[in-house]
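J.: With my numbering, letter number 26 in the sequence shown gets 26, and the count goes up by one each step, no holes. Glycine included, C-beta positions come from ideal geometry on N, C-alpha and C. Computed from a predicted model, the values in this text were never measured in an experiment.
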Amino acid sequence: MSFFRDDISGNNSIRPFFSSLVALQGAEKNLNKDCLNSTLDPYLCFFPQYALQNIKTPYFILNSAYDVYQFHHIFVPPSSDPRGHWSRCKADPSACSTLQIATLQGTIQCFVQIFATCIKRTGVKFIELRS
Numbered sequence: 001m002s003f004f005r006d007d008i009s010g011n012n013s014i015r016p017f018f019s020s021l022v023a024l025q026g027a028e029k030n031l032n033k034d035c036l037n038s039t040l041d042p043y044l045c046f047f048p049q050y051a052l053q054n055i056k057t058p059y060f061i062l063n064s065a066y067d068v069y070q071f072h073h074i075f076v077p078p079s080s081d082p083r084g085h086w087s088r089c090k091a092d093p094s095a096c097s098t099l100q101i102a103t104l105q106g107t108i109q110c111f112v113q114i115f116a117t118c119i120k121r122t123g124v125k126f127i128e129l130r131s
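Below is the structure:
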C-alpha cells in the first residue's frame, strides 16, 4: 500500500490511475471486503488511510520521509510543473529552495495527520525514516 496525496498543483492524478487499475485487472474481488463495504469507490482500498482501519492482524507502518518515486511521479509530476520550477530540486534535493523544502515537509505532516486517527484508535506504531 502507498500513501498518495495531491500533487503540487492540487490535482490528484494517481487516484484515477488506481480506479482504472481496479477496473482493468478486476481487482475488486481481491480487496478487503470490510473496506469495500465502507466506501463507494473500491480503488480507495488500495490507499492505506482507507485499508488499514479494516485490517485485524497486527501491523506497523514504515514510511520514508521523502519517497523518491512519489516525489518525482506523484507529488511533482511533469504535468504539475510545466515550467520546470521543480526540476533542479528533483534532480538534487540540496538545490531545493526554502519554499520547496517547506512544501516537502508539509507532505510529511499531511501523512502524519491522515494516520493520526488510525494510530490513536488502533495503537499502531510507525517508523518515519528521515535522511
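Indicate the three-state DSSP secondary structure (helix, strand or coil) for residue 45 in the structure shown.
T.: Taking the sequence shown and counting its residues from 1, the one referred to as residue 45 is at position 45. Residue 45: helix per DSSP, three-state reduction.
J.: Run the CB neighbour count on residue 76, radius 10 Å, all protein chains shown included, and call it buried at 16 or more, exposed below.
T.: Position 76 of the sequence shown, counting from 1, holds the residue named residue 76. Counting Cβ neighbours within 10 Å, residue 76 comes out buried, since at least 16 surround it.
J.: Grouping DSSP H, G and I as helix and E and B as strand, with all else coil, what is residue 56?
T.: Taking the sequence shown and counting its residues from 1, the one referred to as residue 56 is at position 56. If DSSP states are grouped into helix, strand and coil, residue 56 belongs with coil.
J.: I need the straight-line Cα distance from residue 2 to residue 100, nearest angstrom please.
T.: Taking the first residue of the sequence shown as position 1, residue 2 is located at position 2. Taking the first residue of the sequence shown as position 1, residue 100 is located at position 100. Caution applies to residue 2, whose pLDDT of 49 falls short of 50 and renders its modelled position unreliable; the value that the coordinates give is listed next. When rounded, the distance between both Cα atoms is 22 Å.
J.: Closest to residue 44 by C-alpha separation, out of 12, 70 and 73, would be which residue?
T.: Locating residue 44 in the sequence shown gives position 44, where the first residue counts as 1. Of 12, 70 and 73, the residue nearest in Cα terms is 12.
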